[in-house]
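To start, the structure under review is shown below, and the notes come after it.
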Amino acid sequence: MTKMNRYCRRCEQEFAVENAQQTCPACDTEFVSWREGPTLELETVSFASADAASDEPETLVGRRFANYQIERFLGQGGMARVYLAKHLTLERPCAIKVLRPVTIERDEQAAEAFLAEARSAAALIHPHVVALHTIGEAKGRRYIEMEYVSGASLGHLLERRGVIEALEATRLMMQISSALAAAHDLGMVHRDIKPGNVMVTPAGDAKLADFGLAKRLATKQPISGGFLCGTPNFMAPELFTGSPATTQTDIYAMGVTYFSLLVGRLPVETQSINELVRFHHRGTQIDVDSLRGQLPEGVVRILEKTLSTNIATRHEDATALHADLLSTFGSLRPLRSVLDEAFRETTVDIRSDEQGFAIVVPLPKGRKQTVRVEISEDAETAEVIVRVFSICGRATDLYYERALKLNSTISHGSIAIQAVNGEPHFVMVNAYPQATCDPEEIRKSVLDIAKHSDEVEMLLSGEDRF
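Residue numbers (this note's numbering): 1097 to 1562.
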């Protein structure tokens, strides 16, 4: 039977157990998977064991709460419980996060901090962020209404699949970094990036959750094994010495998440929180170099930067990381996939051959133009280039001046002379680094080159050969 790592909050230790085992073999406490467990409890966290015994049983399911019908319990953290609910006025599903009574009992300021940060997070509107709709109070309980995402968390997806291949993992991380960049631009720091805080929609898109929901990393207490609870494997090393959370501590957590998706384990595997703290206090650099040969070079380079113990080496913020991921994704993505997305729901005909792709573009008056898209390598830089071109006709002295004038009117590409079957021909050409090859840009380039190539061909011969 398959074994997996499970984390016991009470013992503060991981155990390798059978997949079906749900309780700790040492103390019989219910396990938390490292991928789904909290990076830190949402307040002072030293009360976690007491919470399990003292918190009141669940009573909201099946009842009306504020303007919602509570339908199902979805999960809980140290601070709140989350439910699937139906908004009774709008008649739409939503997720309701309700503060646990024990949270307010042990910290009177927790509720206000929870709502204050939620108000800030509500300003963040992004397609890859789980949206916050409203905040309120009912029956003495504070709550937040959020968008309900019907898929599974990225943590659950990873549990099922073990690893996620580089192309898909990079695409998901691009989406997460795009969401995080929007937050960083607003001066927000997430402080709890991990697979369990990313929802994956049925369509396979990532949505980052739990923005600004009172993750208190700066406290008056020293950080120790007795203070930390959950699984703090996504925390940057400097946080263990009391440094405040920054955009670059978020970047480190992104690196741990990326590593986990690609390799199927944590970059630092320890048996206790104290052992993890000692690892980081030694300043040990995470071994990423051993992944060369197993993962694409661009991916390894991003892991090296994001997981660096040297803060200055990491990306400055999520905008910089997103640009790096975007470039790497472009180099990983097959050209056929880019073309299929570029020309989805169009009438162009895409044909492949040994050299690349021939795209037959229909034009007005029954004409058509063939545009070639091929991969080549820059002789000087060794950079992989996507070349887009179309033949216009034979190049003769009579048309050189006209070709130069046409160049000034073309938005994508230019007219050049290229030998075809040993004869010089006018061609319309454009080129992109594969790493930055964007489907929309490729689509515009192909259509523009087809249009202008056909115009040049009409001027040269009046025929429709190419």
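Note that beta-carbon positions come from the ideal geometry of N, C-alpha and C, so glycine has one too. From a predicted model like this one, the values you see are computed outputs, not experimental measurements.
Taking C-beta atoms as the reference points, V1484 and N1517 fail to come closer than 7 Å. The straight-line gap separating the alpha-carbon atoms of A1278 and D1346 is approximately 13 Å. Annotation: D1550 to T1424 spans about 35 Å, alpha carbon to alpha carbon.
In the three-state DSSP reduction, E1365 falls in the coil class, being neither helix nor strand. Between the alpha carbons of V1396 and Y1244 lies a gap of roughly 34 Å.
In the DSSP assignment, N1526 forms a beta bridge with V1484. Looking at the DSSP output, P1189 sits in a beta bridge with K1182. CA-CA distance, T1297 to N1370, rounds to 36 Å. Contact between the segment 1439 to 1458 and the segment 1282 to 1296 is absent: fewer than three C-beta pairs spanning the two stretches fall below 8 Å. Annotated three-state conformation of P1520 is strand, per DSSP. Straight-line spacing of the CA atoms in H1280 and H1521 works out to 51 Å. E1261 counts as exposed, since fewer than 16 other C-beta atoms from the protein chains shown sit within 10 angstroms of its C-beta. When the alpha-carbon of G1258 is set against those of A1227, L1362 and G1394, the nearest one is in L1362.
The beta carbon of G1351 sits closer than 7 Å to the beta carbons of L1399, T1402 and L1403 from its chain, once the five residues preceding and following it are set aside; these are given in chain order. By the neighbour-count criterion, in which 16 or more other beta carbons inside 10 Å mark a residue as buried, E1208 falls on the exposed side.
Unbroken beta strand (DSSP E) runs of no fewer than 3 residues, entirely contained in the segment 1225 to 1303, are found at 1228 to 1234, 1237 to 1242 and 1294 to 1296, following chain order.
The residues H1224, D1301 and A1302, in chain order, have a CB closer than 7 Å to that of Q1271 in the same chain once the five nearest residues on each side in sequence are set aside.
Under DSSP, P1458 shares a beta bridge with K1464. Pairwise C-beta distances place the segment 1365 to 1380 out of contact with the segment 1427 to 1444, as fewer than three of them are shorter than 8 Å.
The segment 1452 to 1460 makes contact with the segment 1539 to 1555, as at least three CB pairs between them are under 8 Å.
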